[in-house]
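For the sequence shown, the numbering used here assigns the number 48 to the initial residue and increments by one for each residue that follows. Don't be surprised by glycine CBs; every beta carbon is placed ideally from N, CA and C.
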Amino acid sequence: MEKSLIMHEYLQLLPNVFQDFQSLSANMPLSHLQLVVIDMLSSSGIPLPVKTLRDHVQTSRQQLNAVLNTLQTSGYISRTPNPDDGRSVLITLTPAGQDLNQARWETVASRTKQRLTHLSDEQQLELYYCLHKLNGILKEMSATD
């Protein structure tokens, strides 16, 4: 198979998935970058240094600080001195941030389930098969890096 055809479909997939998640999270009071920070803190389960967050979101120090300031003012994160490195700060998701993140993903799941009802049983099966295969293939590709 021609690799350029695969790349074409792959590059079309990314904005489609991104746009789909944006529409599913449309009523959230936070920006995409703020939600990415909350997701990262939630999935890590431990406080993270600002540098780790900055490396993950690939943004400037100034922009990330503005995001963190907004999240802290809203009560979704807290900052504490890093006991292992006095020059850095650890960012922790607060209970309010955890609740917001859980509510967000519950909303996404609920909206997705509702949207799936508009597909036939055959389309739902095809979608499941495609997503299952795609996830497996992407994991296999990333394991070779």
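Boundaries of the alpha helix (DSSP H) in which residue i is found, first to last residue
i     : result
Asp86 : His79 to Ser91
Asn74 : First-last for Asn74: undefined, no H or E at that position.
Backbone CA spacing between residue i and residue j [nearest angstrom]
i      : j      : result
Gln145 : Leu80  : 16 Å
Ser90  : Leu140 : 10 Å
Gln59  : Val97  : 32 Å
Ala143 : Ser51  : 46 Å
Ile124 : Leu115 : 8 Å
Leu111 : Asp168 : 44 Å
Met54  : Val136 : 40 Å
Gln171 : Lys160 : 11 Å
Val155 : Thr191 : 31 Å
Pro62  : Arg134 : 38 Å
Beta-carbon proximity of residue i to residue j, cut-off 9 Å
i      : j      : result
Leu178 : Ile138 : no
Arg162 : Met75  : no
Leu166 : Leu174 : yes
Val104 : Val84  : yes
Asp86  : Asn182 : no
Ile119 : Arg126 : A quick correction: the sequence has Gln, not Ile, at residue 119. The answer is yes: Cβ separation under 9 Å.
Reduced DSSP category for residue i - H, G, I as helix; E, B as strand; rest coil
i      : result
Thr139 : strand
Asp102 : helix
Ser167 : coil
Asp67  : helix
Pro130 : coil
Pro62  : helix
Ser125 : strand
Residue from the options with nearest C-alpha to residue i
i      : options                          : result
Asp35  : Leu147, Pro94, Gln105 and Asn116 : Nothing in the structure corresponds to residue 35, since the chain is present only between 48 and 192.
Glu153 : Glu56, Asp192, Gly133 and Phe68  : Phe68
Ser121 : Ser78, Arg134, Pro128 and Glu187 : Ser78
Ser157 : Ser70, Glu187, Thr117 and Asn129 : Ser70
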